[in-house]
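I have placed the structure first, in the form of structure tokens, so that the comments after it can refer back to it.
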Amino acid sequence: MPKVYNWQLGREMDYPYNGIRPKRQVALIMDTNKCIACQTCTVICKTTWTPGRGQEHMLWNNVESKPYGFYPLGWDVKILEQHGVQPLDGDTYAGKTIFESAPANEIALGYIPGDQDYAHPNVGEDDSFGNMTRGAHLSMQHNQWMFYLPRICNHCTYPSCLASCSRQSIYKRPEDGVVLIDQERCRGYRECVKNCPYKKSFFNPVTRASEKCIGCYPKIEKGHQTQCTTSCIGKIRMTGFISTPDKAREDNPMDYIVHHAKLALPLYPQFGLEPNVYYIPPIHVPPPFLHQMFGRKTAAAIATYRKAAQDEKLLGALLLFGATERIIHRYKVEGGQTIGYDETDTEVVRVPLVEPVKIRPVWDEAHGAYRTNVT
Ligand code: SF4
Ligand code: SF4
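In this note's numbering, the protein residues as written are 25 to 399.
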């Protein structure tokens, strides 16, 4: 099997195809600290792409409560259990990827979820970790915790859905790295459903073909961010293009957050797919849980987040979340504002670093009325 370099693992690994890295790679950053699980992203994705027959169980975007929420049921604990405990060597991941621990005659480690696993997408919603004994009350710091984890297909650099498709129906677009399933070629063997460890490929029993998140590519082609990003109530998301660490540009907000500030981290990088959705980890969750989920750099990312206001460039990049529908290719911080530019280097958004506060008099002369909200 060819060797490819996975920068998230800091080493080479086995992968069935070589030279698959696209000219540029679409990516998302999600700030888990801001997600309120309103599911607006889930609903807009569903109404845009999967309202048809055979798609009833499909949530290309879902938001689950961790640690007890899953969609499909138990997706991560099942594959983690199969994968077993894997070793680290300093910052280098010395354990096996799901490709390297594949059973004989298989491309990767995997399993097909049962029908019931898709039936209850809200199982575990808002359940927190830790028991409260009768009469107990919360005090700070406390041991009760949960957080919301929004998930879409990661448009992985080394997709296991693509690698495992014996029909070669799945391809990664060289122009933007979006991973798509050719609906004409697919025969519904469900190898992708089995071998995507994130369970983001779905079988459609009506068309007898598999389907997955298409990264809103018609929007990406127009320079727009994805539906789940632009609809996000909490402004927790940013869609853009990410570079490899050696080519990272400080004036690309995606690169700045992921590579320079090292604030956003991939989900389960140990699987070896080099996923392209990056998460700012929740700051209140115990480190061991986060280390397993986002890798060893979680504690440093949380420390950076806590003092983000002291880094103008980082603050400027974070304030661009949810500020425009356009994809921001370049940004700068100037005169107390963060300014974003599109692909043609035209200014598309300008946000103040500190929101101005205007205090209005309690008594409104013009309307002859008292105001209840004066700021
Ligand atoms: S729309 Fe945004 S805030 Fe609401 S659930 Fe989705 S990611 Fe979270
Ligand atoms: S998350 Fe799964 S479905 Fe999406 S590209 Fe990666 S392996 Fe394929």
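Virtual Cβ for every residue (Gly too), placed ideally from N, Cα, C.
Every value quoted in this text rests on a predicted model; they were computed, and no experiment measured them.
| Query | Result |
| --- | --- |
| Buried versus exposed, by CB contacts within 10 Å (16 or more), ASN85 | buried |
| heavy atom of ligand 1 below 6 Å from ALA126 C-beta | no |
| Exposure of PRO290, with buried meaning 16 or more beta-carbon neighbours within 10 Å | buried |
| Exposure of LYS271, with buried meaning 16 or more beta-carbon neighbours within 10 Å | exposed |
| MET37 - partner residues in DSSP beta bridges | VAL28 |
| Touch test, the region 50-57 against the region 300-320, Cβ-Cβ under 8 Å, three pairs minimum | yes |
| Within the region 140-223, ranges of the beta strand (DSSP E) (whole runs, at least 3 residues) | 171-175, 194-196 and 203-205 |
| For GLU336, the residue or residues it bridges with in DSSP | Paired residue(s): none; GLU336 is not in a bridge. |
| Contact check, ASP151 vs TYR92, beta carbons under 7 Å | yes |
| Residue environment, GLN294, which counts as buried when at least 16 other CB atoms sit within 10 Å | buried |
| THR370 to GLY154 span [Cα, whole Å] | 50 Å |
| Proximity test, TYR195 beta-carbon vs ligand 2 heavy atom, cut-off 6 Å | no |
| Burial state of ASN6, where buried means 16 or more other Cβ atoms lie within 10 Å | Residue 6 falls outside the range modelled here, since the chain spans only 25 to 399, and no answer is possible. |
| Span separating the alpha-carbon of PRO229 from that of GLY78 | 6 Å |
| LYS120 versus ILE44 - alpha carbon distance | 21 Å |
| Contacting residues, own chain, Cβ-Cβ under 8 Å from ALA126 (five flanking each side not counted) | ALA132 and LEU133 |
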